[in-house]
Structure formats: C-alpha cells, structure tokens
Amino acid sequence: MAVRKIVYAPAPVLKEVCKAVEQVDARVQTLMDDMLETMYAARGIGLAANQIGETDRVIVVDVADSDSEEKPAPLLMANPEVIWTSEELSSYNEGCLSLPEQYADVERPAAVRVRYLDRTGTTQELDADGLLATCIQHEIDHLNGVLFVDYLSKLKRGMVMKRLKKVLSQREDA
Ligand code: GNR
Ligand code: NI
C-alpha cells in the first residue's frame, strides 16, 4: 500500500465526472487500499478517487473515532449509488481534504441507502444515517465533480476559495 498525494482545489480533476468501474480487479483493489492508507494518514473520514488524481468511481469511508477505543470500520466502495434518501434533512459543518482548513454548513438528506460493489466485487446495500450518511454523500459528490462549497452562495464560495489559496500558499507541500 502507498500513501498518495492529495489534490487540492481548484485542480481540474476535482471537477471531473469519474468513470464507472467495470470490474473490481487487482488494479481497483490496489487503488482502494492506497486510498484508505492515504485517508488514514491525512486523518480524514472519507476520500474519493479524484482526490488522489484517479478518475474511477471509487470511494473509501471510515467514520469510527480513531482517538477513542473504537475499532476501525473501513468501507471500500466502487460505483456507489444512492438508491433512497430520507425526506428529513440534516446539517453538518463539512470539511474536505482537498480544501484544507475550510468548513461550511451543508444540508443533505439525513439518511440514505447506498448500493455499491465491495472490495471483492460483490454488490452490497447499506443504510446510513448521521455522519456516515453525510460522508457518503460528500464522497459521491466528488465522483460527480461536486465539492461542498458548490452548495454555498457565489459570494461565500469566493471567500472560501480566497482563504484556501492563502492557506495553500503558506504550506510547504502545496
Ligand atoms: O475528513 C472529512 N471530514 C468530513 C467532515 C464532514 C463532512 C464530510 C467530511 S469528508 C472529509 C474528507 C474528504 O474530503 N472526503 O472527500
Ligand atoms: Ni472531500
């Protein structure tokens, strides 16, 4: 496994619509493993393939609290699709590894059912609520070229992107 470099906004790859995985083969499994290692190294709770520059419809998620006794609970998903959403909405203060140090409240369905292929290529369905539901929707948005700031007004988005530019210019690795 390998920790890969995370791509920061406004990189064009973050606006791309990623391509469906045809088969969960060794290449896709390695991509999933690298994404999980990259996500843990960056202390994130989710990661989409285009955040490391790959355009396959693959996401990884783990919302278990690594600072407590909680055991890791990684989810590796190819071709994730939301097949049901609750009418109830919930708001979270979202962040994104591709927009470091930037946060904004985003309203989304409070619960979702998602269908996906797991690491063995088997179709799975999962019911999610709370932070897991938010995170899965945030990751699927990435695969469609959508960032959480796209839900903000043009004015607010402009302010976030300006602050981000400053943060990245002050980083060694940017
Ligand atoms: O680490 C992350 N935290 C987070 C917090 C609230 C809502 C969504 C997220 S996902 C984010 C990691 C990331 O950028 N995934 O694409
Ligand atoms: Ni993100």
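Per the numbering used here, residue 306 is the first one in the sequence shown, and the count goes up by one each step. Idealized CB from N, CA, C, for every residue including glycine.
Original post:
Helix or strand or just coil, what does DSSP make of Ser458?
Top reply: Position 153 of the sequence shown, counting from 1, holds the residue named residue 458. Of the three classes helix, strand and coil, the one that applies to Ser458 here is coil, per DSSP.
**OP:** Using DSSP bridges, identify the partner residues of Arg413.
**Re:** Stepping through the sequence shown from its first residue, residue 413 is reached at position 108. Paired residue(s): Ser395.
Subject >> Nearest residue (CA-CA) to Ser396, options Lys470, Glu386, Leu404 and Pro414 >> reply: Taking the sequence shown and counting its residues from 1, one reaches residue 396 at position 91. Selected option, being the one with the closest Cα: Pro414.
Original post:
Can we say the segment 364 to 373 touches the segment 395 to 412, given the rule of at least three CB pairs closer than 8 Å?
Top reply: no
Original post:
Listed by chain order, which residues have C-beta atoms less than 6 Å from any heavy atom of ligand 4?
Top reply: No copy of ligand 4 appears in this structure; the ligands present are ligand 1 and ligand 2.
Original post:
Does any heavy atom of ligand 1 sit closer than 7 Å to the C-beta of Leu381?
Top reply: Translated into the one-based positions of the sequence shown, residue 381 becomes position 76. No, the beta carbon of Leu381 sits no closer than 7 Å to any heavy atom of ligand 1.
**OP:** Please confirm if Glu386 has its CB atom under 8 Å from at least one CB of chain B.
**Re:** Of the protein chains in this structure there is only one, and it is not chain B.
**OP:** Could you spell out where the alpha helix (DSSP H) holding Gln328 opens and where it closes?
**Re:** Within the sequence shown, residue 328 is the residue found at index 23, counting from 1. From DSSP, Gln328 is part of no alpha helix (DSSP H); its letter is neither H nor E.
Original post:
Measuring CA to CA, which of Thr335, Ala325 and Leu437 is closest to Arg424?
Top reply: Here the question's residue 424 lines up with position 119 in the sequence shown. Nearest C-alpha to Arg424: Thr335.
Original post:
How about Ala353 and Thr360: do their beta carbons lie closer than 8 Å?
Top reply: Your numbering for residue 353 matches position 48 in the sequence shown. Your numbering for residue 360 matches position 55 in the sequence shown. The answer is no: Cβ separation not under 8 Å.
Original post:
Should Glu375 be listed as close to ligand 1, given that the test is whether its C-beta is under 7 Å from any heavy atom?
Top reply: As a working mapping, residue 375 is identified with position 70 in the sequence shown. No.
Original post:
What does Asp446 pair with, by DSSP beta-bridge criteria?
Top reply: Taking the first residue of the sequence shown as position 1, residue 446 is located at position 141. Its beta-bridge partners do not exist; DSSP assigns none.
**OP:** Would you tell me roughly how many angstroms separate the C-alpha atoms of Glu392 and Ala378, rounded to the nearest one?
**Re:** By 1-based counting over the sequence shown, the position of residue 392 is 87. By 1-based counting over the sequence shown, the position of residue 378 is 73. Cα to Cα, the separation comes out at about 27 Å.
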